[in-house]
Amino acid sequence: MVDKLVLTVDFFLEHKLLLTVLIVMLISVIKRFVISSIRGDVAFLSDVQRKWMSRTKNGTFLLILIILFVLWQSEVSKFALSVTAIAIALVIASKEIILCFTGSIQRASSRSFVIGDWIEVGKIYGEVIEHNLMATVIQEIDLDHGQYHYTGKTATLPNSMFFTYAVKNLNFMKRYVYHNITITVVQFVNLYPLFPSLTRQIEQHCEDFIEVAKRYNNVIEKHAGVDLPGSEPHIHITSGINGEQNVHIMIFCPTERAIELEQLIREDFMIAYQENFN
Numbered sequence: 001m002v003d004k005l006v007l008t009v010d011f012f013l014e015h016k017l018l019l020t021v022l023i024v025m026l027i028s029v030i031k032r033f034v035i036s037s038i039r040g041d042v043a044f045l046s047d048v049q050r051k052w053m054s055r056t057k058n059g060t061f062l063l064i065l066i067i068l069f070v071l072w073q074s075e076v077s078k079f080a081l082s083v084t085a086i087a088i089a090l091v092i093a094s095k096e097i098i099l100c101f102t103g104s105i106q107r108a109s110s111r112s113f114v115i116g117d118w119i120e121v122g123k124i125y126g127e128v129i130e131h132n133l134m135a136t137v138i139q140e141i142d143l144d145h146g147q148y149h150y151t152g153k154t155a156t157l158p159n160s161m162f163f164t165y166a167v168k169n170l171n172f173m174k175r176y177v178y179h180n181i182t183i184t185v186v187q188f189v190n191l192y193p194l195f196p197s198l199t200r201q202i203e204q205h206c207e208d209f210i211e212v213a214k215r216y217n218n219v220i221e222k223h224a225g226v227d228l229p230g231s232e233p234h235i236h237i238t239s240g241i242n243g244e245q246n247v248h249i250m251i252f253c254p255t256e257r258a259i260e261l262e263q264l265i266r267e268d269f270m271i272a273y274q275e276n277f278n
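What the sequence shown shows, in full-length UniProt numbering, is residues 1 to 278, in sequence order.
Dropping the structure here:
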C-alpha cells in the first residue's frame, strides 16, 4: 500500500502539469460547493452572504496561487533568471494589472468601503456586492437623477480607478438621506408668506419618523465629527438667470420614502401658490 502511494506521488511529481490541472479542478469544485451552500435557496442575497461568498472566491484564488508557486518554484526560478529582460517588458505591459492589484491593497488598507456599502466612484453610484484583487462589482443606483432605486445594471470597476477617482462612501444614505427638492416659479412674486404653512405641512408628513430621524442624525454627526444641517425641513430661495425664482426645500427622511414625500410637498406648494396668487 505504501509502495503504491509512493509511486503515485512520484508519478504526479514527474507530471506536474497533470497534477496542476487536478488541483485546480478539485479546488474549483470545492469552491462551487461552498458558494452554493452559502447562497442556499434564497432569492436575494444578504450582505453577510455576499461577504462570505467574496471571501471564499478570494481565498480559493490565493490558495491556487500559493500551491502553483510551491509546485512550480524551481521551474519559475530558472525561467525568471533566463528571461529577466522579458520580465521587465511584461511588467511594463501589465501596468494596468499591477494598478488593479495595488488599488485592491489601497482599498483594503484604507477601509474605504466594504460589501454592502453605497459608494460613488466618478459618476457611478451603487452598492458594493463583490470585490477581489482585480475589480469591484457594484449594483448601480440612480442617484444621479435624484432617485434611490436600483437600475438593474451591474458595473464592474477595475481597482485602478481608485487611484484616478475619489471614492465616496454613501453608506449612511441607505437608511436616511438629505433629499433636496427644487421648484421653479417663473412669476416674480413674494413667496415668503407661503413658507410657515408649508413648513407645518412638511412636518406633518414627517411626524411618523421625525424622532428616529433626529436620533439617526445625531449618530451621523458623532460619527463624522461635523455639524450637519439637522433633521428639520429647510427652505430658501435663489434667483435664476432669467429672473425666475427657485424654491429649494431640503428634508431629512427615510431613503425609500424620499420620492413619495417630494411629490406630496410639491402638491402642497402648488395648492398654496394657486390659492394665493391665482
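Where is the CB? At the ideal position from N, CA and C, for every residue including glycine. These figures come from a predicted structure and were not determined experimentally.
Checking the sheet assignment: what are the DSSP bridge partners for residue i?
i, result
"PHE252", "TYR178"
"THR238", "ASN246"
"TYR148", "In the DSSP output, where bridge partners are listed per residue, TYR148 has none listed."
"GLY122", "Bridge partners of GLY122: none, in fact."
"ALA135", "PRO158"
"ASN169", "ILE119"
"ILE183", "VAL247"
"VAL128", "ILE138"
Take the Cβ of residue i as the centre, count every other Cβ of all protein chains shown within 10 Å, and call the residue buried at 16 or more, exposed below.
i, result
"THR238", "exposed"
"ASN217", "buried"
"PRO233", "buried"
"ILE265", "buried"
"GLU96", "exposed"
"PHE269", "buried"
"residue 327", "With the chain represented from 1 up to 278, any question about residue 327 goes unanswered, as that position is not in the structure."
"PRO254", "buried"
"HIS179", "buried"
"ILE150", "Going by the sequence as given, residue 150 is Tyr instead of Ile. So TYR150 ends up on the exposed side."
"GLU127", "buried"
"ARG215", "exposed"
"ARG50", "buried"
"VAL121", "buried"
"VAL70", "exposed"
"ARG257", "buried"
"VAL212", "exposed"
Got a sec? Which residues, its chain only, sit under 7 angstroms from residue i by beta carbon, not counting five neighbours each side?
i, result
"HIS236", "HIS248"
"residue 302", "Limits of the chain in this structure are 1 at one end and 278 at the other, which puts residue 302 out of reach."
"ASN169", "SER112, PHE113, ASP117, ILE119"
"LEU68", "THR20"
"GLY243", "PHE188"
Looking only at its chain, what residues have a beta carbon closer than 6 angstroms to the beta carbon of residue i, apart from the 5 residues adjacent to it on each side?
i, result
"GLU130", "SER54, VAL137"
"GLY134", "Gly is not the amino acid found at residue 134; the sequence shown has Met there. Once the five neighbours on either side are set aside, the close Cβ partners of MET134 are CYS100."
"ILE124", "ALA155"
"LEU261", "HIS205, CYS253"
For this session: Please specify which runs of the alpha helix (DSSP H), each continuous and at least 4 residues long, are wholly inside the stretch 194 to 222, giving them in chain order.
Result: 195 to 206
Exercise. Counting pairs of Cβ atoms below 8 angstroms between the stretch 148 to 162 and the stretch 99 to 114, do you hit three or more?
Worked result: yes
Exercise. Taking contact to mean at least 3 C-beta pairs separated by less than 8 angstroms, is the stretch 147 to 157 in contact with the stretch 202 to 210?
Worked result: no
Exercise. Three or more beta-carbon pairs under 8 angstroms between the stretch 140 to 154 and the stretch 188 to 204, yes or no?
Worked result: no
Exercise. Would the stretch 108 to 115 and the stretch 172 to 183 be scored as touching if the rule is three or more Cβ pairs under 8 angstroms?
Worked result: no
Exercise. Is there contact here, the stretch 22 to 41 with the stretch 53 to 63, by at least three beta-carbon pairs under 8 angstroms?
Worked result: yes
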